[in-house]
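Below you'll find the structure, written out as structure tokens, and then a few comments.
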Amino acid sequence: MSLQEQLAQHLAHVIELVETDHEKIAAALVQTNNGNRLRAARPLPAGIGGRPLLWAGAGRLVGWALTATATTTITLRDSRDTTGDAIASIAIAAGGSAQLWMGPGGVSFGEGLFVDAAIGSVFTGSIWLGAVD
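Each residue of the sequence shown is one higher than the one before, counting from 471 in our numbering.
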């Protein structure tokens, strides 16, 4: 076997390995919930039953559906705490609700998604993040 044939054979093997790795990486990046692939927004509980740091890491805010028993203003921050940049402000009247769907594009955040609400605010609902495409 000539040197050129050996190089061609090794190159073909490398290409095969790269394609296999690409398929494994693509499969690992798919988001799931209870074993089901997410094809739409990922709902995260907010307010009662939720936690202030909704998401640690980059993502896309695509909407929310929230209700409040008293007048409340909620600030969503690109951060892991109250010090980050505000990316949305949601005002809810007493006994009211707020819903918004931004479509699949949404608003990107890089650090995390933190819910900043006044102490004693009583609200509940979901904030929706875009699934991995």
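Every residue gets a Cβ at the ideal spot worked out from N, C-alpha and C, and that includes glycine.
Rounded Cβ spacing between residue i and residue j (contact assumed at less than 8 Å)
i, j, result
"A587", "F593", "7 Å"
"I557", "V577", "5 Å"
Residue closest to residue i, alpha-carbon to alpha-carbon, out of the options
i, options, result
"G590", "E475, W525, L583, A540", "A540"
"A564", "A538, D551, L523", "A538"
"M572", "I597, I562, A561", "I597"
"D551", "R521, L514, A561, I562", "R521"
Within 8 Å, strictly: CB atoms of residue i and residue j
i, j, result
"G582", "L523", "yes"
"R547", "F584", "yes"
"A511", "A568", "no"
"W534", "L570", "yes"
"T545", "S559", "yes"
Status (buried if at least 16 other CB within 10 Å, exposed otherwise) for residue i
i, result
"I518", "exposed"
"G595", "buried"
"A516", "buried"
"I485", "exposed"
"S472", "exposed"
"G527", "exposed"
"L599", "buried"
"G575", "exposed"
Beta-carbon proximity list for residue i, same chain, < 7 Å, skipping 5 on both sides
i, result
"L481", "none"
"T490", "none"
Close beta carbons around residue i, own chain, < 6 Å, minus the five adjacent residues each side
i, result
"A561", "T543"
"D555", "D548"
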